[in-house]
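These protein sequences, in sequence, are chains A and B. Numbering that gives the first Met the number 0 puts the first residue of the first sequence at 0, with every later residue one more than the last. Numbering that gives the first Met the number 0 puts the first residue of the second sequence at 0, with every later residue one more than the last. Note that beta-carbon positions come from the ideal geometry of N, C-alpha and C, so glycine has one too. Since this is a predicted model, take the numbers as computed values, not measurements. Presented below is the structure to which this report refers.
2 protein chains.
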Amino acid sequence: MTDIKENNNSDKNLSSLENSDSTKDILVIGAGLCGSLLALRLAQRGYNVNVYESRPDLRVTDISAGRSINLALSDRGFRALRLAGVEDKARAICIPMKGRLMHDIEGRTFASKYSGRDGEYINSISRGDLNGMLLTEADRFENLNIHFNKECTNIDLDTNTVTFKDRNTNTSFNISSDVIFGTDGAGSELRKSYFLQRKFLFSFSQNFLTHGYKELEIPAAADGTHQISKDYLHIWPRGEYMLIALANLDGSFTVTLFLGHEEGTYHFKGLDTEDKIKAFFQEQFPDALALIPNIAEEFANNPTGPLGTIKCSPWHYKGQTLILGDAAHAVVPFYGQGMNASFEDVAVLDGIIDKHEGDWETIFKTYEHVRKANADAIGELAEENYYEMRDHVANPIFKKKRQLEMQFEKAFPNAYFSKYSMVTFNENIGYFEAMTRGRAQDKAILNMITDNAISTTIDMTKEQLKDVLHQVLEKTNDILDDDKIAKTMHH
Amino acid sequence: MTDIKENNNSDKNLSSLENSDSTKDILVIGAGLCGSLLALRLAQRGYNVNVYESRPDLRVTDISAGRSINLALSDRGFRALRLAGVEDKARAICIPMKGRLMHDIEGRTFASKYSGRDGEYINSISRGDLNGMLLTEADRFENLNIHFNKECTNIDLDTNTVTFKDRNTNTSFNISSDVIFGTDGAGSELRKSYFLQRKFLFSFSQNFLTHGYKELEIPAAADGTHQISKDYLHIWPRGEYMLIALANLDGSFTVTLFLGHEEGTYHFKGLDTEDKIKAFFQEQFPDALALIPNIAEEFANNPTGPLGTIKCSPWHYKGQTLILGDAAHAVVPFYGQGMNASFEDVAVLDGIIDKHEGDWETIFKTYEHVRKANADAIGELAEENYYEMRDHVANPIFKKKRQLEMQFEKAFPNAYFSKYSMVTFNENIGYFEAMTRGRAQDKAILNMITDNAISTTIDMTKEQLKDVLHQVLEKTNDILDDDKIAKTMHH
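Structure, rendered in structure tokens:
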């Protein structure tokens, strides 16, 4: 263990200095959101941590280039940031979004809160600002060093040696380490080495949606204020495609268009001239078009990104290497949980290190054992939420369901939690449980509405509403019981 | 089009000679079961077909080496063989298995038919015999040439050029072709080129079970007869692991042990001495052990195979290449459908060629469009059937369900089809529909048995049984309706 300049979490610090772990060095590949937070936390525990990042330091070089997808920070993310003592610093750069603001094709807007409970909201945050804050926190630790412009090109899994190419000098060098963490994102080199080196049976999936995304910008007004309300996540849901916008601190909005690559009435491949792009926006998103002055230029210059989900197993090898975050479980952005899930990875791993410090093989096995089903679940939830988001306005039964759930949450805040609330605001419920229970609730409510089995008027008395809630909960439990019995057939 | 020596399917032949397809050459990579049947069918249509196979001709060289997994041929496979005019030749080398024979730990046996209807059974067949028959049929066509010992090492997707290494001379050569079919199995080089060359977004998954398999042999009796009944698929289900045996024409049985690689009470990694192997079999499969004289030798010499499922999309590129069979959708062997699904691929493709002959891009797109959900479904069904097979004896509710379904099928042969019957004996029901309806039926029955909502006695009158059937069908339809309403949320 080397010197520690400062530690915001003094309990942990003491215990780490007392621990008997003989690990000399930890190497982290990737200083993105997950890698930065992980490195910070490991440094706080007293480990000697070296982080290698292929890109330049984002605090001095702008490297976003139209490829961020706005981030929504919520409770699971905050839990992990709190553990590392940086929650307040993150909150200081957040813009709270208390709900969605839907824009219809005539430009009318409809607000929809995220929860019937007060104080449950998500937060727009800039990837660059948040990552920069974590890197600056990391810089305060003498036992943590971040090396930029060092691209991982190979990992020898048996000798635990990583080859990096220095992007400035174009020379390569090797680093060996007791323990290596791969937080190198969806295109992880460490994960690729698991796949290609075939030292063990590696289950792996990459699943691309037929849709892609492109980022555009609504600039700030001349006086630096936001041109539309910054207090909502703006959505232009159109069934086959969708536009969203999240506020930035500088008064601008980052806008993302989700559209088929080459399928559907409109698609990216077909929008190949300024006229076609503007005609599409004029027809479908006229109010947004009026706010995006450089649409043609941005359409041409910003890349069309793919939307993919990655799942794999095992995440670790020999107690020497582990992948976390997007490297292990990249998800599509439609639940606003990619970053939150990656941060939660760090918190879950940290709790397991507490119990098994020094025994990395047990730590890695236990971590995957408790985390895998939850990671798979958020991947599925994010894929299915795409359909829910873009069809939100069109389907009257969805609207009735949402309205009923709002009434439940408002009137009985401790008795009802929608799927969205469980996923987003309840960090003590794992994603898998949130998915399982949330799906059963949705199924119960949708079927009861379709069968006219329950009232969905908005003027029910509390007693009437309570009765409806009881029916929903009973039907939900029936569904869960029936599924459980059927599942005994396939475990 | 070149000369055709013979065609068993004269209709097709005439139409093919009249068609306007300008395709000069078709190249098929892999002369396994799927490739041989596909090549035969394409030759019957009049195409000039060249097939390249990495292994030697299996009719002259024994290449099985303990890695076949016994094959069970059933209705979907027969449909495709019939189309190519070789059904009778296949039936001649089949051993019908009318049901399962379960062996308990005391060596007692219990028979369980595959269906309550007469004439519904599966067939044990040797991969080598069947493949040899198809190759011999293929040899009768002058416009079909098979090149053995030619290993595919690269595919240039833009120029449609394949590089082969001649395994005899160790030299490489290139072949270009208008249309290339990859029937090169679970480790397909064509599929790898889709994955690695990144010319398009390729969704891909490989999922390994924690269990593997090893083949053993029960030799024929001294007089050449079978030592145990050849009329059943023998199963020794033990929950955590399972042994099965299928009869061969020479009086022997191919036995397959399914066991954890390194998890569970017993696992392959731990069975590393003759004593341990024999003690395990003595404890768990004493009646089988008595019939496997060379168990220690076979355990040491035969490889432990992995059990993996492969799914991917797209299956085609530019109307120039298409993957079929295991190359596109490898499945685990627990539904006995891997070969049948691959043969069915050929039949489905053939029907689409009928409609769009000459327009390969449309053929390939249409083929994937109609086939993909069915291929995914058999992958899932096969994985989940593992649990059903190995737990078959232990779970009393499964037994009651199976017995009730037998009664339904026997008394009302046109009104009830179990999931197994739909998958195995009803080639006019797609795998996806069989899975969806079959799962709903299973769920209905299991829940009604658990809730004591239906009688499951074996002495019901036909009227009583009819009443139970109606309850089951009604509950099944309720489940399907509820699922359909819930699914509107994710599409």
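Here the alpha carbons of alanine 38 of chain A and valine 59 of chain A stand approximately 20 Å from one another. For leucine 288 of chain B, same chain residues with a beta-carbon under 8 Å away, outside a window of 5 residues either side, are Lys277, Phe280, Gln281 and Ile294 in chain order. Along the region 447-477 of chain B, the positions whose C-beta sits under 8 Å from a C-beta of chain A are Thr449, read in chain order. Under the 10 Å beta carbon count, proline 302 of chain B is surrounded by fewer than 16 other beta carbons and is classified as exposed. Taken atom to atom, the span from the alpha-carbon of serine 417 of chain A to that of lysine 465 of chain A is near 16 Å. Per DSSP, reduced to three states, the secondary structure at phenylalanine 363 of chain A is helical. Contact annotation: in the region 205-225 of chain A, residues whose CB is within less than 8 Å of a CB in chain B are Gln205, Asn206 and Phe207. Phenylalanine 203 of chain B reaches chain A at Phe203, Ser204, Gln205 and Asn206, counting residues in chain order whose Cβ is nearer than 9 Å. With respect to the 9 Å criterion, alanine 137 of chain B and leucine 143 of chain B are classified as neighbours on the basis of their beta carbons.
Straight across, the Cα-Cα distance linking leucine 36 of chain B with leucine 258 of chain B is about 33 Å. Residues of chain B whose Cβ lies closer than 7 Å to the Cβ of lysine 442 of chain A are, in chain order, Asp481 and Ala485. For the region 298-313 of chain B, the beta-carbon criterion of a distance under 7 Å to any beta-carbon of chain A is satisfied by Pro305. If only uninterrupted alpha helix (DSSP H) runs of at least 4 residues are considered, those enclosed by the region 395-450 of chain A are 395-410, 418-424 and 430-449.
Arginine 438 of chain A belongs to the set of residues whose beta carbon lies under 9 Å from a beta carbon in chain B. Following the DSSP letters along the chain, one finds threonine 272 of chain B in no beta strand (DSSP E), marked with neither H nor E. In the same chain as glycine 378 of chain B, and ignoring 5 residues on each side of it, the C-beta atoms closer than 7 Å to its own belong to Thr308, Lys310, His328 and Val330, in chain order. Counting the other Cβ atoms within 10 Å of the Cβ of threonine 423 of chain A gives 16 or more, which makes it buried. Taken in chain order, the complete beta strand (DSSP E) segments of 3 or more residues contained in the region 327-393 of chain B number zero; there are none. The C-alpha of glutamate 214 of chain A lies about 14 Å from the C-alpha of serine 125 of chain A. In the three-state reduction of the DSSP assignment, phenylalanine 199 of chain B falls in the coil class. For the region 35-51 of chain B, there are no residues whose beta carbon sits under 7 Å from a beta carbon of chain A. Straight through space, the alpha carbons of alanine 220 of chain B and aspartate 286 of chain B are spaced by roughly 15 Å. Sequence-distant partners of glutamate 404 of chain B (beyond 5 residues in either direction) whose C-beta falls short of 6 Å from its own C-beta, in its chain, are Ser417. Three or more Cβ pairs closer than 8 Å define a contact, and the region 67-84 of chain A falls short of that threshold against the region 157-167 of chain A.
Annotated three-state conformation of methionine 459 of chain B is coil, per DSSP. A contact between stretches requires three or more CB pairs, one per stretch, nearer than 8 Å, and the region 319-327 of chain B fails this requirement with the region 228-248 of chain B. Nearest CB-CB separation between isoleucine 396 of chain B and chain A: below the 9 Å threshold. If only uninterrupted beta strand (DSSP E) runs of at least 3 residues are considered, those enclosed by the region 160-227 of chain A are 160-165, 171-175, 178-181 and 202-217. Closer than 9 Å to the CB of leucine 245 of chain A there is not a single CB belonging to chain B. Under DSSP, phenylalanine 257 of chain B takes part in a beta bridge, and its partners are B:Tyr212 and B:Met241. A distance below 9 Å separates the beta carbons of isoleucine 154 of chain A and glutamate 188 of chain A. For leucine 445 of chain A, the C-beta contacts it makes with chain B under 8 Å involve Ile484, Ala485, Thr487 and Met488, in order along the chain.
Neighbourhood of leucine 100 of chain A in chain B, by CB distance below 8 Å: empty, with the nearest CB roughly 22 Å away. Only Leu200, Ser202, Phe203, Ser204, Gln205 and Asn206 from the region 176-206 of chain A bring a Cβ to less than 7 Å from some Cβ of chain B. Put simply, the backbone Cα of cysteine 33 of chain A is about 41 Å away from that of tyrosine 430 of chain B. Residue contact with chain A for histidine 315 of chain B: absent (no Cβ-Cβ distance below 9 Å to any residue of chain A).
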